[in-house]
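In full-length UniProt numbering, the protein residues as written are 1 to 442.
Here a beta-carbon is modelled for each residue, glycine too, at the ideal position from N, C-alpha and C.
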Amino acid sequence: MNDPSDLNATTFWRICSSSHECHCDYRLTIYNCIESGPFYNITLVGLVWSSVVSAVGIFLLAWRVLVQKQRLFEIRHKLPRPKPIESMCLFGIVFNLVRIIHAAVILTDVGQSPILRLFLFDQCWAFAFSAFTCYVFGVAQTLLNSNRVLYDAWLSSPSKVDAICMISTVLPYIFMNVGAIGSGYYAWKKDVDMAYVLLRVGYYCAMVYTFVLGVLIIYAGRRLTGLISDPVLLHSNIRITTTKLQASSFKVKVTMACGSFCLLSMGLIACVYASTRIPITTNYILAMLFSSFISFVGPGVTSIIMLALFLSPEMISGLAILSLSPDDDEEPQEYPRFEFNLNNTSQQMQQQNQESSIAFNGCTIWNNISLLSKREQGLPTTASSSPSSSSTKLVRTQSTSSKSPDNSAIQSTLSSDTNNFASWQHFSARAIIEMHEKEGHS
1 MNDPSDLNAT TFWRICSSSH ECHCDYRLTI YNCIESGPFY NITLVGLVWS SVVSAVGIFL
61 LAWRVLVQKQ RLFEIRHKLP RPKPIESMCL FGIVFNLVRI IHAAVILTDV GQSPILRLFL
121 FDQCWAFAFS AFTCYVFGVA QTLLNSNRVL YDAWLSSPSK VDAICMISTV LPYIFMNVGA
181 IGSGYYAWKK DVDMAYVLLR VGYYCAMVYT FVLGVLIIYA GRRLTGLISD PVLLHSNIRI
241 TTTKLQASSF KVKVTMACGS FCLLSMGLIA CVYASTRIPI TTNYILAMLF SSFISFVGPG
301 VTSIIMLALF LSPEMISGLA ILSLSPDDDE EPQEYPRFEF NLNNTSQQMQ QQNQESSIAF
361 NGCTIWNNIS LLSKREQGLP TTASSSPSSS STKLVRTQST SSKSPDNSAI QSTLSSDTNN
421 FASWQHFSAR AIIEMHEKEG HS
């Protein structure tokens, strides 16, 4: 690649003018060209930064896996389900390790094959894409494991989510490697035109993929922060404080912002570079901008996300960046709680029947939103059967006093096993509280 006989000739990795001024493709070589000095410094800084991030990431991941006993993946129905934080941290570490290897190869000028150098350069970004893919779909599966109502409010088919996650994770390794290996092979054969064609194919595919994944991260992050901030989260069996909600929302927002910025910007760069590679390579300023951004955006985003993910809730609350309630020290309000029996065993059902009995003055929680709207409008209502769902049980309520005409129609105790969350998955806790307060005043 740095053969003295080819130093003044135009190749795929070095473009030379008639005046013997050569410009390097920083992905393949940084020597014997006008930009050698700046490229060397940029590559060296990127190597050191990635090394520090990798060391910190390995320590944090080992702490979560070995000390806190967290898992990277779960195998269900023969398909792996990634844990969002652990899997994203793992792929982020691998991304930086591959960046270190590529930078070391470029700096030491070993491994002269363009196939190897292009493979290392593009492969690291495939790991970066996998990190964000695992985060998005890991969040979806975590919602299912932690709170079935929140999961049904977003997604409803775990098998489809697993399949889409697998396809989305494997896909970048296909088109990125086809473009990198094919382009490197034809570059080695001195077929510059064909190498450029395969480079365009790989980078255009990367552009489409990163744009779709970036938009998906924005949607997933906004959806998840909305669910975290909604009081319906307080109905789960897990007691959640305002500080923990604040920390979770902060971490999701940081991950969403950094991930979407990284993916969308890299998609734009891939499109521009594939379309105008030669003008960018031969322009000193553009070459510096592109190489600097691509070398630093990876370790920079990794550093910010790791810092945000592993901050304690107390530290995040002390920053006072976000506020999900008027008073940060305020304890969660006592909303009516929903208990869920996903195993459908009679013993658990009896135990939950005893634990989920809550008394309300003059009202009974119904499981049909249309019934709520009828009551607010003063229309006659009749008790409706619970929708069929997967073994769900609404809170059993009991009316203690009834003097109002509205209350006379609703003195009952409600306890049902159902098989479908769909008819009440958007049931609002705020609507329940407001209705209860209105009836209390009446």
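What separation, rounded to the nearest whole angstrom, lies between the Cα atoms of C262 and T210?
9 angstroms
Since C22 sits in a beta bridge, which residues does DSSP pair it with?
C16
Identity of the residues DSSP links to I181 by a beta bridge
Note: I181 sits in no beta bridge, so no partner.
Using three-state DSSP, classify R27 as helix, strand or coil.
coil
Say whether the stretch 264 to 275 touches the stretch 18 to 26, bearing in mind that this needs 3 or more beta-carbon pairs closer than 8 angstroms, one atom from each stretch.
no
Looking only at its own chain, which residues have a Cβ that is under 6 angstroms from the Cβ of T11, when we skip the five neighbours before and after it?
none
I'd like to confirm the pairing. Which residues does DSSP put opposite P80 in its beta bridges?
I75
Check whether the stretch 120 to 128 and the stretch 78 to 86 touch, using three or more Cβ-Cβ pairs below 8 angstroms as the test.
no
Could you round the C-beta distance between F129 and I181 to whole angstroms and report it? I think they count as a contact, below 8 angstroms.
Contact doesn't hold; Cβ gap of about 17 angstroms is too wide.
Considering just the uninterrupted stretch of the alpha helix (DSSP H) at L44, what are its terminal residues?
36 to 62
Looking at the structure shown, is C165 part of a helix, part of a strand, or coil, going by DSSP?
helix
Can you tell me which of the three DSSP states I238 falls into?
Unreliable positioning characterises I238 in this predicted model, as indicated by a pLDDT of 47, which lies under 50. A coordinate reading is not provided.
Do you know offhand how far V301's Cα is from C258's?
6 angstroms
Do G138 and S183 have their beta-carbon atoms positioned less than 9 angstroms apart in this structure?
no
Nearest-angstrom Cβ-Cβ length linking M166 and L79, presumed shorter than 8 angstroms:
6 angstroms
What residue from S159, M194, V192, L198 has the CA that sits closest to I174's CA?
L198
For N32, which three-state DSSP category applies?
coil
Do I15 and T281 have their C-beta atoms closer together than 9 angstroms?
yes
In whole angstroms, give me the CA-to-CA distance for L61 and I217.
22 angstroms
Taking C-alpha atoms, which residue in Q68, I75, V252 lies nearest to S159?
I75
Can you have a look at V232 and say buried or exposed, based on whether 16 or more other CB atoms are within 10 angstroms of its CB?
Because V232 sits at a pLDDT of 49, beneath the cut-off of 50, its placement in the model cannot be relied upon, and the following sentence gives the value as read from the coordinates. Per the 10 Å Cβ criterion, buried.
What's the call for Y284, buried or exposed, on a 16-neighbour Cβ count within 10 Å?
exposed
Whole angstroms is fine: what's the gap from T29's alpha carbon to C134's?
33 angstroms
Taking just the CA atoms, how far does I100 sit from Y26?
15 angstroms
Please tell me whether I42 and S303 are closer than 9 angstroms, where the distance is taken between their beta carbons.
no
Can you tell me whether K189 is helix, strand or coil according to DSSP?
coil
Short of 6 angstroms in beta carbon distance, which residues of its chain neighbour G267, apart from the five on each side in sequence? Order them along the chain.
M207, T210, F211
Measure the C-alpha to C-alpha separation of N8 and C33 and round it to an integer number of angstroms.
9 angstroms
When DSSP labels each residue in this structure, what does L96 get in the three-state scheme?
Residue 96 is actually Asn in this sequence, not Leu. N96 falls in the helix class under three-state DSSP.
Tell me whether T210 sits in a helix, a strand or coil according to DSSP, three-state version.
helix
First through last residue of the alpha helix (DSSP H) which encompasses A308
284 to 309
Expected contact under 8 angstroms - CB spacing of I115 and W188 to nearest Å:
6 angstroms
Confirm, please, whether the CB-CB distance from G37 to M306 is below 9 angstroms.
no
If you draw a straight line from the alpha carbon of A104 to that of R117, how long is it in whole angstroms?
11 angstroms
Beta carbon of T255, beta carbon of L309: below 9 angstroms?
yes
Where does A9 sit, in a helix, a strand or coil, going by DSSP?
coil
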